[in-house]
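Have a look at the structure below, then the notes.
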């Protein structure tokens, strides 16, 4: 499946780089409406979450990892830097052999976007809470 569309930098690096591009573009467009800028920031935050989740699951502080990757991308903007949890450092994900299927990433973003649009355009969203568990049977 991946061979048809190719690969992207893995470990959330490709999505993180897109998020940084969106944030940079949003900062440069001062004339943008507040609600559009808010939407761009929300999308960027969502695109950063795979990197943060991977870092957190591997025992690293997600905020520190985001700062490290952000700094690495600022210093090397034409790279696909991410965070390699195997050695706890930032680096080029392609060089490290950390890749994701481009098709899988594209589908995940499309589905997430579709769900977000559905939630926004729906009059009400019902969230069922888990019932409280009895402490004494």
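In the numbering used here, the protein residues as written are 1135 to 1271. Note that beta-carbon positions come from the ideal geometry of N, C-alpha and C, so glycine has one too.
Apply the 10 Å Cβ neighbour rule to residue i and answer buried if 16 or more other Cβ atoms are within range, or exposed otherwise.
i	result
residue 1161	exposed
residue 1151	buried
residue 1184	buried
residue 1214	buried
residue 1249	exposed
residue 1234	buried
residue 1240	exposed
residue 1257	exposed
residue 1189	buried
According to DSSP, is residue i helix, strand or coil?
i	result
residue 1142	strand
residue 1203	helix
residue 1260	coil
residue 1238	helix
residue 1168	helix
residue 1265	coil
residue 1194	coil
residue 1184	helix
residue 1210	coil
Would you say residue i and residue j are within 8 Å of each other, going by their C-beta atoms?
i	j	result
residue 1194	residue 1232	no
residue 1141	residue 1236	yes
residue 1174	residue 1156	yes
residue 1145	residue 1217	yes
residue 1153	residue 1181	yes
residue 1147	residue 1227	yes
For residue i, would you say it is in contact with chain C, using Cβ-to-Cβ distances shorter than 8 Å as the test?
i	result
residue 1187	Reference to chain C is not applicable here, since this structure consists of a single protein chain.
Tell me residue i's beta-bridge partners as DSSP assigns them.
i	result
residue 1232	In DSSP, residue 1232 forms no bridge with anything.
residue 1224	1217
Whole-angstrom Cβ separation of residue i and residue j, contact assumed at under 8 Å?
i	j	result
residue 1200	residue 1224	Between residue 1224 and residue 1200 the Cβ distance is about 11 Å, and since that is not below 8 Å, they are no contact.
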